[in-house]
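Here is the structure we will look at.
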Amino acid sequence: MYADRLFNALERNEPGPGQLLVAAPGTLSPEFARSVILVIEHNDMMTFGVDLTKRSEVAVFNVLPEWLPVVAKPQALYIGGPLNQQSVVALGMTKQGVRIEEHPQLNKLAPRLVHVDLRSEPEDIAELVTGARLFAGYAEWGPGQLAEEIERGDWYVAPALAQDVLTPGAADLWGDVMKRQPMPLPLYSTYPANIDDN
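Quick note: the sequence shown uses the working numbering, first residue 28, plus one each step.
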């Protein structure tokens, strides 16, 4: 209901690498309530991204301790999505002045926002980024699937900022992203994940 009334009335951006998929208020999909998905890859065959909002109780130290010096606080593993949670995706915010195109272990998604190749040496990446996040699992859509969901009003597409990836654990990223969008989206920034809790 809210998605139909609000998101379907808005001008739609095209999804692509470096864009955010912001879950509609009152989404019918509980696993994506108040989710903010960063799109890493988008083509005719698939869309691939990670949810920036779901921190796990697992410390990075317990799973990938060699990456601890690179990871921003809170140094926890985040749940990137429901698929293949044995795989890890790394995202980072580059230091000022880093020329991303000169470093093949970094894939630019937006200004200062990169997808990090975890086959790299952590100490090399530490020279290039101010902080990183590690995500277990990912979200993926097949051909045409995401377009249908956007058309239905399930997602709003917005540009990502590098600092979105490094949002502190206590912050409400969904609300913060909604606040910086055109009206009327900021009015929905405090919409609860579960309307019954309101």
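By construction, the Cβ of each residue, glycine as well, lies at the ideal position given by its N, Cα and C atoms.
**Item:** Residue range of the unbroken beta strand (DSSP E) whose run includes I64
**Value:** I64 -> beta strand (DSSP E) spans V63 to H69.
**Request:** Take V246 and list the residues in its own chain whose beta-carbon comes closer than 8 angstroms to its own, dropping the five residues that flank it on each side.
**Result:** The requested residue 246 is not part of the displayed model; the chain covers only 28 to 225.
**Prompt:** From what residue to what residue does the alpha helix (DSSP H) around R179 run?
**Reply:** Q172 to R179
**Coil, strand or helix - P186 by DSSP** = strand
**Request:** Write down every uninterrupted run of the alpha helix (DSSP H) in the region 69-110 whose length is 4 residues or greater and which is fully enclosed by it, in chain order.
**Result:** 87-90
**Asked** To the nearest angstrom, how far is it from the Cα of F162 to the Cα of M210?
**Response** 31 angstroms
**Message:** For the pair the region 135-146 and the region 112-121, tell me if three or more CB-CB distances fall below 8 angstroms.
**Reply:** yes
**Request:** Kindly give me the distance between the Cβ atoms of L104 and V85, rounded to whole angstroms, as I take these residues to be in contact under 8 angstroms.
**Result:** 4 angstroms
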